[in-house]
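In the working numbering, the protein residues as written are 52 to 224.
One structure is given below, encoded as structure tokens.
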């Protein structure tokens with residue numbers, strides 16, 4: 052099963068919904084699409100405009116293949132659930148009011164450190180899905196922890212330099 056999710060951005064992500072619906076028909080895939088307030092309504096995939104967070108998490112817990120845009124919220128939810136992820140970046144003009152209109156750079160950086168497949172063009176989605184294993188091979192292990200604890204431990208293990216002076220409180224709030 053595939054789960055297509057476009058998040059809550061105004062206007063949805065019609066190109067992704069349309070490509071995922073077409074790919075589902077071509078590849079004989081079952082699935083569900085959260086389509087937001089876009090204009091495209093899937094013909095092959097079951098769908099709803101929005102899902103309550105707990106319902107979305109319940110779907111993700113079944114570890115479908117998550118096909119989503121490059122938004123941090125859905126990517127994070129999918130990663131915490133251990134889903135395989137195919138991400139299609141929104142591509143648009145970035146402005147101060149819409150800083151995440153172009154998600155390509157973020158997804159490329161994320162894919163360098165996590166096993167996420169980036170599909171740069173919705174038109175290529177069927178081919179990407181055809182090459183993606185759809186059987187449940189168990190959860191994908193994403194390294195989601197922070198390095199802060201290790202950094203602090205290593206710093207403390209080196210010891211404080213004799214010249215360290217932490218008595219100047221002018222810099223403290």
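In this text, a Cβ means the ideal position worked out from N, Cα and C, and glycines have one as well.
Check: Helix, strand or coil for residue 203? Go by DSSP, reduced to three states.; Outcome: helix
Check: Count the other C-beta atoms from every protein chain shown that fall within 10 angstroms of the C-beta of residue 167, then say buried if there are 16 or more, exposed otherwise.; Outcome: buried
Check: To the nearest angstrom, how far is the alpha carbon of residue 63 from that of residue 86?; Outcome: 6 angstroms
Check: Would you check if the distance between the CB atom of residue 53 and the CB atom of residue 117 is smaller than 9 angstroms?; Outcome: yes
Check: With three or more C-beta pairs closer than 8 angstroms as the rule, is the stretch 152-159 touching the stretch 185-195?; Outcome: no
Check: Based on DSSP bridge pairs, tell me the residues matched to residue 119.; Outcome: 56, 138
Check: Beta carbon of residue 67, beta carbon of residue 119: below 9 angstroms?; Outcome: yes
Check: Do you know offhand how far residue 92's Cα is from residue 194's?; Outcome: 35 angstroms
Check: Measure the C-alpha to C-alpha separation of residue 110 and residue 147 and round it to an integer number of angstroms.; Outcome: 34 angstroms
Check: Is it buried or exposed for residue 126, if we count other Cβ within 10 angstroms and need 16 for buried?; Outcome: buried
Check: CB-CB under 7 angstroms to residue 121, same chain, minus the five flanking residues each way: which ones, in chain order?; Outcome: 138, 140, 141, 154, 157, 158
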